Structure formats: structure tokens, C-alpha cells
Amino acid sequence: MQLTQKNIKNNNLLLNIHNLNVFFKTPEGISQVVKDANFNLKKGTCLGVVGESGSGKTQTFFSITGLLANNGYVEGEAFFKDTNLITCDDETRRGFLGKSIGFIFQDPMTSLTPHLKIGDQLAEIAIYHKKINKNKALKKAIEVMDIVKLPSNRDIINSYPHELSGGMKQRIMIAISLMCEPDLIIADEPTTALDVTTQAEILNIFNDLKNNFNIGLVLISHNIGVIAETSNEVLVMKDGQILESGETAKVLTKPKNEYTKHLLSCIPPWIGN
């Protein structure tokens with residue numbers, strides 16, 4: 002079964018977030034890390050989330066996928082299609098994560114299991130969610146490797162993570178997220194620690210997934226250039242709040258919020274365009 006190209010329907014709402022608040026219980030009291038977040042995402046589009054470290058970017062999406070630390074809790078609404086991910090039971094949420102929702106975690110160097118072969122790590126997702134045997138899962142893995150521009154040969158399938166370059170590991174992370182043909186992929190800092198050439202290749206893969214496979218993308222990054230290259234709309238976050246949002250080109254060329262202006266002023270003039 003191949004990951005088939007889908008007819009793009011940009012009016013299909015995939016993710017709809019209302020008044021999302023995220024809290025952590027600490028010895029000093031309750032700490033709020035996301036405050037009244039509101040945004041949505043349509044199929045076949047990319048939402049960029051930009052801000053400095055500690056701005057709440059990652060915790061926003063950890064909260065809606067059930068990945069918060071044990072001392073965290075959430076208030077608000079987070080609809081994935083027709084299901085509220087905040088109020089649904091854990092089993093329902095787990096059923097979405099890895100199948101309908103793919104999550105690419107930060108730092109591909111440490112996100113892969115070091116003692117498992119690449120083929121096994123790809124196959125186990127399909128075996129668990131699609132209930133297929135290992136041979137069919139490995140066949141699916143080879144198909145997905147082609148999508149992320151990896152040689153679909155036994156050398157990589159039988160390799161361990163330490164035998165691959167950083168760029169190849171990131172492609173494997175993307176491939177893992179694609180194994181069950183998701184509607185949504187959330188990528189947390191997917192180009193960190195990659196050289197410029199490899200970074201461009203990874204962004205091309207994301208654009209291909211968005212434009213040709215109608216997958217909704219969330220791209221979390223502190224790199225404004227990455228956001229500008231890939232996203233249709235952008236959220237600018239600081240201290241847990243969305244300070245500005247809108248079409249990427251408008252926000253980055255005609256920012257209204259002072260923080261956004263200061264953020265953009267940090268870009269060296271020779272790469273600002």
C-alpha cells in the first residue's frame with residue numbers, strides 16, 4: 002500500500018484550538034506556560050510556530066498530544082477533526098498519535114533507539130497501528146523511504162542509528178511519522194544541528210508532503226528562515242502567549258507587534274531578505 006497523493010481541500014479544518022492553557026505543578030506553586038492560545042490548521046497547509054527558547058512552542062503541542070510531563074495539566078479545547086484531544090480518554094488519544102498524528106521530536110541524533118535496526122523502528126509503527134505482519138511493514142517502510150529521498154535498500158534497513166549521518170537520521174524520523182499515512186505531522190525543530198544543504202533538503206520534503214500529499218504540518222522553530230521557507234501561516238510566541246499570527250509573508254514583512262519587530266531585527270542584514 003503506497004502513500005497516495007490526495008485531492009487538496011484547503012477548506013478542511015484539521016486542528017482547531019480554543020483558549021488553550023497549559024500549567025505545571027511545581028514546589029513553588031502553579032506555573033502557567035501557555036496562555037489562552039487560539040489557532041487552527043487546514044489540510045495541505047503548514048503552520049509555523051516561532052519564538053525564543055522557553056516561549057511555550059513545544060509545550061503547546063505536547064499538551065494536545067498527551068505528551069506533557071506528569072506534573073502538567075491542560076485547560077481549553079483542542080479539536081483534531083471532530084475529537085477534542087483534551088477531554089478524550091487516553092486510549093483514544095494514543096490511537097491518534099503515531100497513526101493520524103505524526104510527531105517528529107527535536108534532535109534526531111538521540112530520538113532513535115540506538116540498539117534497534119532502522120527497519121525495525123520503521124516497521125514497529127505499522128505493526129502496532131495497522132496490525133500487519135513484519136514483512137508487510139518492511140515493504141511499507143521501503144515505500145516511505147523513497148518519499149523522504151532515502152535509498153530504499155537493505156543497507157539502510159539493516160543499519161543502526163549510529164551508522165547514519167544527521168541528515169539521514171532526520172529523514173528516518175520523517176519516515177517514521179509517515180508510516181501510517183497521517184493527516185497531521187508536528188515537527189519540533191526539525192532542522193537543528195543540520196548543515197545548510199541538508200536543511201534545505203529536509204524543507205523540500207516537508208513542502209512536498211504539504212503540497213502533494215495534503216498533509217497538515219506544524220513546524221516549530223526558532224529559525225525564522227525555516228518558517229519563511231515552509232509555512233503558510235505563522236504564530237509568534239513569547240512567555241506562553243501568541244503575540245501575533247497571520248499569513249507568514251504579511252507577519253514577516255509587515256509585523257504589527259513590537260516583539261515580532263525586535264525578533265526580525267535580530268536577523269543579519271545580509272540574510273534578511
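Residue numbers (my numbering): 2 to 274. Every residue gets a Cβ at the ideal spot worked out from N, C-alpha and C, and that includes glycine. Small disclaimer: the values here were computed from a predicted structure and weren't measured.
*Candidates Phe207, Gly45, Gln107, Asn22: which alpha carbon is nearest His223's?*
Gln107
*When the distance is taken between beta carbons, is Gly57 closer than 8 Å to Val75?*
no
*Candidates Ala127, Thr84, Gly73, of which the one nearest Ile31 by Cα*: Gly73
*From Asp184, Thr231, Val227, pick the residue whose C-alpha is nearest to that of Phe214; which is it?*
The shortest CA-to-CA distance from Phe214 to any of Asp184, Thr231, Val227 is the one to Asp184.
_Tell me the rounded alpha-carbon separation between Asn159 and Ile119._
6 Å
*Return the bridge partner residues of Glu248 from the DSSP annotation.*
Paired residues: Glu234.
*Under 6 Å Cβ to Cβ from Ile187, same chain only, skipping five residues before and after it: list those, please.*
Phe62, Phe104, Val219
*Could you name the residues of the same chain whose beta carbon sits closer than 6 Å to that of Lys239, not counting the 5 residues immediately before and after it, in chain order?*
Gly52, Ser56, Tyr260
_Reduced DSSP secondary structure (H/G/I, E/B, other) of Asn224_ = Asn224 falls in the coil class under three-state DSSP.
_Do Lys141 and Ala127 have their beta-carbon atoms positioned less than 8 Å apart in this structure?_
A contact, by the Cβ cut-off of 8 Å.
*asked:* What residue range does the alpha helix (DSSP H) around Ser112 cover?
replied: 109 to 112
*Answer with buried or exposed for Ala124, where buried requires no fewer than 16 other C-beta atoms within 10 angstroms of its C-beta.*
buried
*asked:* Going by C-alpha to C-alpha distance, which of Ile225, Thr193, Asp189 sits closest to Lys262?
replied: Ile225
*Output yes or no for whether 8 Å exceeds the beta carbon distance between Thr199 and Gly167.*
yes
*How big is the Cα-Cα spacing for Val237 and Arg155?*
Rounded to whole angstroms, Val237 to Arg155 spans 43 Å at the Cα level.
*Smallest Cα separation from His163: which of Gly96, Lys131, Leu139, Met110?*
Check the Cα spacing between His163 and each of Gly96, Lys131, Leu139, Met110: the tightest is with Met110.
*Helix, strand or coil: how does DSSP classify His116 here?*
coil
_Which runs of the alpha helix (DSSP H) at least 4 residues long sit entirely within the region 148 to 219? Give them in chain order._
155 to 158, 167 to 179, 197 to 214
*Whole angstroms is fine: what's the gap from Leu252's alpha carbon to Tyr161's?*
Checking the sequence, you will find Val at residue 252 rather than Leu. Inter-residue distance for Val252 and Tyr161 is about 42 Å (C-alpha atoms, whole angstroms).
*Since Gly67 contacts Leu98 with CB under 8 Å, what's their CB separation in whole angstroms?*
7 Å
_Length of the line joining the Cα atoms of His130 and Ala138_ = 11 Å
*asked:* For Asn212 and Glu29, I'd like the C-alpha separation in whole angstroms.
replied: 47 Å
*Leaving out the 5 sequence neighbours to the left and right, which residues in its chain are closer than 8 Å to Ile102 when beta-carbon positions are compared?*
Thr66, Phe81, Pro183, Asp184, Leu185, Ile186, Ile187
*Based on Cα-Cα distance, which residue from His19, Ile206, Cys181 lies nearest to Ile87?*
His19
*Phe81, enclosing beta strand (DSSP E) - first and last residue*: 73 to 81
_Candidates Gly241, Gln242, Ser246, of which the one nearest Ser232 by Cα_ = Ser246
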